[in-house]
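Asks: Chains as they are written, first to last, in UniProt numbering: chain A, 1 to 434; chain B, 1 to 434.
Here a beta-carbon is modelled for each residue, glycine too, at the ideal position from N, C-alpha and C.
Questions regarding the structure given below will be posed in turn.
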């Protein structure tokens, strides 16, 4: 991103074809037709029971920064992407439309209208790639993270996957993981940008740097206090734990085990720590954990999990597969209809219906517009989309990251227990189209 | 990234523990010990025959921008990550060490010393996350892309996956794909930042916007000329092709088919185009292609492939799994040794040995340092690492993106034919440690 006077620009994080479509539409006069674009997922990743919406707030910021400054216009001119008339239209671009969407932390299912953009064709078409990049990435990570948090059943979760994904995706992943209930991240930029707590102590390199494990531990404790976490598996774990307690005393905060069969190792470590009087010293495990191995460790004396690769790669589903489709032109529903990739035309909204007990029953997706009515709401039912932008300006009440975190927690409580299982299966609730 | 006077800073794209290790080492005096850190992959992704190194040049730029300006120092102080002495050390941070590495476009195998950082512990330890984020991401994408390019067997490949990955990962993915032999990308920022050719014409939205397919095609041709690519599968493909040739004439550049069973559809399209006299109109296919479906289309009359999701997600291997390990301290090899995750200590280099015919035989990884000798080189053998940074400054002869593209092309020619198969198997050549 090149910085302009107005700050960094997101305008070129865009596919070439959006601007050529714009050029054509400006030329033939269709550019101003009022349109509705919708973001939805045709299906959940294979076997997943629910998806978690994430990235919406990042998208609102990115739309605010979607400006074609002199640097962007020069680039497009030099590369002959579009004609002069289009460049001059782009130079004045500000999004002035309305956007509604599922709030972050809300669950989604196949066909849920996750984001609805109402704007002229010209204003809406250029946001396709940016909207999808952000929502597909962040939702994929949050969806995987939510399963891990569920599997951890209340134990602390530390996100430490930055090294296994693109350096900027790492920052967004830390945010999505926190949204989904992770306790902290290793990523320092995520603290600056999103206010997420960071944590971390030591790698094996620190022990190897020193002349002995005892010296490394002593040094770390001098720098960070006895409440720190000592990494005990550089040489021999039993020896490492003995040395750790010798050096730190029984007040040692925690030990971390990063390799081997962590279940039995955690049991051994607990016994050894207890026998050394370090009864309050916690055990942190890390090393290629995913939701399944986290669940398998439920019976073991583990106090916290450090999760890396599987988190930032969406645990097998690195993208959410959402699409951005034109569904309405000048009040008329439109849809592609040549193949299995069919879409449902028309501006839509959705309600989640619940039993009297509060358990979710179904996602009802319905058409919005003149003469169409919203389904009646029961006591526990709720309309899912909220206003995000009005005439291009951020709407009141867009939730904070902490509020989105709470929203997900309570949304998951309402999911039928079948839908919370880690095993492959159908979506937790069906989607009904009215 | 916050912009400082010196430009954007990458310094916080870092894990918390790197700075706490630094703080401890500064306090106990080990921070200045001369160290060697090595980046390598313990294994290739499941069943892959080779990996492709990518991201090195992005990493060199990121190391240049690894500066703790006032904004970064403030953030670390506010979050109480490290003490005052460490903050003041960081404020002066400039990397002054030496870096060698495999050039971009070079193949790598398990244990290949892809990057070697020689610096004080303090200077080297803080680069771990940044180096791994960039190399793991870009190499994962380039490795998948190279298989796709091989499967396409000379046909044009267009990268169009931006929407299915983080918005900045999209730019890096476009670069990695181009390095691996893709022809062009849809991503406009990749053109600005890396000089990669972009392409793109139309989405289904453009046809849906207009009152008829014919009007949409006419509009596109007026804007982009008859050499453009018309998307013919919005309603009915046969009808779409007929309309396309009617509107554009037989000089139409190309048609794109984005859905359905593209093999038979391409055959039908070819016959229809030929019968309409549009013998030079090319056929572009897209829609959830990966290396296997590209290979399966080899016998079909397809002129170009558009590849999205599978490219940006590394086709099942979204991260390269490289690690950054301390291997030498003050001339003494060091290695973790508690578990299966063993590492080989010592500063290393590597030679790729070849038969007289030029076919690669093995990767020989050997120790470097006093009294150790490089293996003798045969006519086709070559030392793999090149100098990248010397005393913190970019070394002469770091290849350009175009040179890296050429390098990969010729490296792949040397791979035994077994190693070029798409099917799962062992690495194309074994790694021998001396």
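1) Would you kindly work out how many angstroms separate the C-alpha atoms of residue 224(B) and residue 346(B), rounded to a whole number?
2) List, in chain order, every chain B residue whose beta-carbon is nearer than 7 Å to that of residue 200(A).
3) Please state if the CB of residue 165(B) and the CB of residue 194(A) are separated by a distance shorter than 8 Å.
4) In the segment 216-230 of chain B, which residues sit with their C-beta less than 7 Å from some C-beta in chain A, listed in chain order?
5) In the structure shown, what three-state DSSP assignment does residue 439(B) receive?
6) Using a Cβ cut-off of 8 Å, which residues of the segment 22-55 of chain B contact any Cβ in chain A, in chain order?
7) How many Å lie between residue 255(B) and residue 239(B) at the Cα?
8) Short of 7 Å in beta carbon distance, which residues of its chain neighbour residue 94(B), apart from the five on each side in sequence? Order them along the chain.
9) Go to residue 354(A), then tell me how far its beta strand (DSSP E) extends in each direction, as first and last residue.
10) Tell me, please, whether the segment 365-384 of chain A touches the segment 16-24 of chain A by the rule of three or more beta-carbon pairs shorter than 8 Å.
11) Cβ atoms of residue 85(B) and residue 26(B): under 8 Å apart, would you say?
12) To the nearest whole angstrom, what separates the beta carbons of residue 279(A) and residue 253(A), a pair I think is in contact under 8 Å?
13) Can you pull the chain A neighbours of residue 204(B), defined as C-beta to C-beta under 8 Å?
14) Just to confirm the assignment, what range does the beta strand (DSSP E) spanning residue 245(B) have?
15) Determine whether the Cβ of residue 68(A) lies closer than 8 Å to any Cβ atom of chain B.
16) What does residue 189(A) touch in chain B if you count any residue whose Cβ is under 7 Å from its own?
17) So residue 329(A) contacts chain B; which residues on that side make the cut at Cβ distance below 7 Å?
18) Helix, strand or coil for residue 304(B) per DSSP?
19) Quick test of your reading: residue 147(B) and residue 384(B), contact by CB under 8 Å. State the CB separation rounded to the nearest angstrom.
20) With distances taken Cα to Cα, identify the nearest neighbour of residue 435(A) among 100(A), 309(A) and 214(A).
21) Would you say residue 160(B) reaches chain A, if we count a Cβ-Cβ gap shorter than 8 Å as a contact?
22) Decide if the segment 179-191 of chain B is in contact with the segment 307-324 of chain A; the criterion is three or more beta carbon pairs, one per stretch, under 8 Å apart.
23) Enumerate, from N- to C-terminal direction, the unbroken beta strand (DSSP E) stretches of 3 or more residues contained entirely within the segment 383-426 of chain A.
24) DSSP state of residue 31(B), grouped into three classes?
25) Got a sec, what are the start and stop residues for the alpha helix (DSSP H) residue 309(B) sits in?
26) Is any beta-carbon of chain B found at less than 8 Å from that of residue 393(A)?
27) Using the three-state DSSP reduction, which class does residue 200(B) fall into: helix, strand or coil?
28) Quick check: what's the CA-CA separation for residue 37(B) versus residue 326(B)?
29) Quick one: which chain A residues come within Cβ less than 8 Å of residue 110(B)?
30) Given residue 169(A), which residues of its chain have a CB within under 8 Å of its CB, disregarding the five upstream and five downstream residues?
31) Closer than 6 Å by C-beta to residue 4(A): which residues in its own chain qualify, once you throw out the five before and the five after it? Chain order, please.
32) What residues in the segment 172-188 of chain B bring their beta carbon closer than 7 Å to a beta carbon of chain A?
33) Would you mind reading off the limits of the alpha helix (DSSP H) that contains residue 261(B)?
34) Hey, how far is the Cα of residue 87(A) from the Cα of residue 34(B)?
35) Distance, Cα to Cα, residue 377(B) vs residue 348(B)?
36) Chain B partners of residue 121(A), CB-CB under 7 Å?
Replies: Checking against the coordinates, here is how it stands:
1) 58 Å
2) 15, 16, 17 and 20
3) no
4) 219, 220, 222, 223 and 224
5) This structure cannot settle anything about residue 439(B), because the visible part of chain B is limited to 1 through 434.
6) 23, 24, 25, 27, 28, 30, 33, 35 and 37
7) 12 Å
8) 392
9) 348-354
10) no
11) yes
12) About 13 Å separates the two Cβ atoms, so there is no contact after all.
13) 325, 326 and 336
14) Careful: residue 245(B) lies outside any beta strand (DSSP E), inside the alpha helix (DSSP H) at 237-248.
15) no
16) 12 and 13
17) 208 and 209
18) strand
19) Not a contact, Cβ separation roughly 21 Å.
20) Examination of residue 435(A) is not possible in this model, given that chain A is present from 1 through 434 alone.
21) yes
22) no
23) 386-390
24) helix
25) 309-312
26) no
27) coil
28) 4 Å
29) Those within 8 Å of residue 110(B) in chain A number zero; the least Cβ separation is about 17 Å.
30) 137 and 312
31) Because residue 4(A) carries a pLDDT of 47, less than 50, the predicted location of this residue cannot be relied on, and the following value inherits that uncertainty. Excluding residues within five positions, the ones whose Cβ falls inside 6 Å are 69.
32) 172, 186, 187 and 188
33) Per DSSP, residue 261(B) belongs to no alpha helix (DSSP H) and is neither H nor E.
34) 54 Å
35) 17 Å
36) 209
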